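Anchor point for the sequence shown: position 283 equals 282 in numbering that gives the first Met the number 0, and the numbering is continuous, going up by one each time. All C-beta atoms, glycine included, are put in the ideal place defined by N, C-alpha and C. Fair warning: this is a prediction, and the values are worked out from it, not measured in the lab.
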Amino acid sequence: MSNIHEECGVWGIFAPGRTNVAASAYYGLFALQHRGQESCGIVINDDGLFSFYKDVGLVSEVFSRSVLESLPEGNMAVGHVRYGTTGGNGRENCQPIVVNHIKGRMALSHNGNLVNSAELRRTLELQGSIFHTSSDTEVISYVITKERLTAPSIEQAVNQAMYQLKGAYSLVIMSPSKLLAVRDEHGFRPLCYGVREDGAYVVASETCALETVQAQYIRDLEPGEILVFTKDGVQSIQDHCGKAPKTTCIFEHIYFARSDSVVDGVCVHEARIRAGQRLALRHPVEADVVIGVPDSGLDAALGYARASGIPYGVGFIKNRYIGRTFISPGQTAREDLVKIKLNPVSSVVRGKRLVVIDDSIVRGTTSARIVALLREAGAKEVHMRISAPPFLNPCYYGTDIDSRENLVACHHTVEETARLIGADTLGYLPAEDLCYLLGSDKAEGFCDACFTNHYPTEIPAEGGKSRFEYKISEGRGRHE
């Protein structure tokens, strides 16, 4: 139960005829809700006429029955669930972004984070561009729109824009007649597509969102690939493929992705089981029961139990009606939410020596509260095991870790951290074992910079998710 913010989830559909694509988008976004809980939006394309609705809140809150019924039928739609790693969480930063320009309209959903967004934005502003949001998604939309003025098609405009975009971006783009799926040349963030029995093509951040709308998974996009969906079928543009090493974010398998998803051919559930097995090998301990912290700690706990021979138990009941703890503003509110979100099963933990598996430790405050809950329920010993290495570095590719200041592992040894959170012992998954999550013994094909400081791109000089906020708040005092 990490304090790490997720990035975003993108979704799109190209249907062979006019149908209720809004309902499909709703179900697809609902399946991706774990990737972003700040805001969401859907844009419908009805023969070139765009209709949209987006707002702050969960999918079920924003898209009431009356809102969904107000959206027209169409043959295309794009959707988005957001946690912003660049820009504030106000309504102006909700996605998808809709752009009107001389060559038509465009709707764009983005998952990831550019490392050169500040540089691009400054250049665009000097050329006369006026920004209405504080997110780097608007930067991407402007770069594509600028290229579209001279490009013969939207796909060629995107192809040219990719030479300027650096960092992480999985995009779903809708023009009046085409749907595009785009993945950056490193493949930082997941993106896949499938097809339904009615011939509709569906694009999503994760396979679980395909299954929700009865689309059969075809494949993941290759890093650097552009897929173009039209009435004539699917076209693949691979001009940017193979230009950079593949570095998919390893934290997708540890925490971000839903357990039933498959990311780049790797089952997330199995990856987390392997993480638990490696933890048991690296950090054995005498104990009575292994429990996991819902949700992403459960699979790893099962793996630890299998490898260690210690029985697996259900140690926590999770209140499913509360959003993830990082959503709440301020540390006090976050800790209060932990109290009502997780409830220990006393009959499982009382008088027992526990191995507790969680996906990460960031500040240490949530882990401390979890250990305290188990102590209060009568646990005899609490041995904390983490299915990721210690966080030591900021992330620039879509995970909201933008400073070393609050990372407990940067300031305390493992033993000191164990004392801070109240655990008897603490063990992290070694960074050299991350490859085993992907079923390999070679450390390649993924990004682990937040653990190792090995960044696959140049890092930006300007950081922080709110670095553009002043642009929209000048003259009004503070941003509201």
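Which residues does DSSP pair with residue i in a beta bridge?
i	result
residue 129	BP columns for residue 129 are empty, so no partner.
residue 236	225
residue 170	109 and 181
residue 507	Lying before the first or after the last residue shown, residue 507 is absent from the chain, which here runs from 0 to 479.
residue 8	80
residue 446	248
residue 48	45
residue 357	385
Going by DSSP in three states, residue i sits in which element: helix, strand or coil?
i	result
residue 84	Residue placement at residue 84 is flagged as unreliable, the pLDDT there being 49, under the threshold of 50; the coordinate-derived value follows with that caveat. Of the three classes helix, strand and coil, the one that applies to residue 84 here is coil, per DSSP.
residue 390	coil
residue 339	helix
residue 107	strand
residue 399	coil
residue 278	helix
residue 425	strand
residue 268	helix
residue 330	Because the pLDDT at residue 330 is just 46, under 50, the model does not fix this residue reliably, and the point stays unresolved.
Pull up the distance between the alpha-carbon of residue i and that of residue j, whole angstroms please.
i	j	result
residue 296	residue 356	5 Å
residue 300	residue 293	10 Å
residue 48	residue 103	10 Å
residue 7	residue 81	5 Å
residue 413	residue 349	26 Å
residue 306	residue 270	14 Å
residue 433	residue 35	25 Å
residue 362	residue 407	5 Å
residue 74	residue 110	23 Å
residue 497	residue 56	Given a span of 0 to 479 for the chain in the structure shown, any question on residue 497 remains unanswerable.
residue 197	residue 417	55 Å
residue 443	residue 31	27 Å
residue 474	residue 19	Because the pLDDT of residue 474 is 34, which lies under 50, any placement of that residue in the model is unreliable, and the number read from its coordinates should be weighed accordingly. Computed Cα separation, rounded: 44 Å.
residue 343	residue 210	32 Å
residue 17	residue 43	11 Å
residue 281	residue 426	8 Å
residue 243	residue 168	14 Å
residue 122	residue 94	23 Å
Within this structure, are the beta carbons of residue i and residue j separated by less than 9 Å?
i	j	result
residue 160	residue 77	no
residue 449	residue 391	yes
residue 314	residue 339	no
residue 21	residue 72	yes
residue 238	residue 275	no
residue 113	residue 166	yes
residue 492	residue 140	Nothing in the structure corresponds to residue 492, since the chain is present only between 0 and 479.
residue 385	residue 419	no
residue 202	residue 11	yes
residue 179	residue 157	yes
residue 302	residue 279	yes
residue 191	residue 231	no
residue 480	residue 199	Because the chain is modelled from 0 through 479, residue 480 falls outside the range shown and cannot be assessed.
residue 351	residue 380	yes
Cα-Cα, which of the options is closest to residue i?
i	options	result
residue 186	29, 224 and 253	224
residue 371	402, 407, 423 and 393	423
residue 258	206, 308, 212 and 230	206
residue 188	248, 239 and 319	248
residue 277	213, 347, 265 and 304	304
residue 221	203, 233, 214 and 241	241
residue 341	358, 373, 359 and 353	373
residue 145	119, 134 and 19	119
residue 63	26, 92 and 91	26
residue 108	164, 181, 125 and 45	181
residue 38	51, 79 and 12	79
residue 493	460, 454 and 458	It is not possible to answer for residue 493, since the shown part of the chain is limited to 0 through 479.
residue 33	170, 254, 176 and 168	254
residue 133	126, 172 and 117	117
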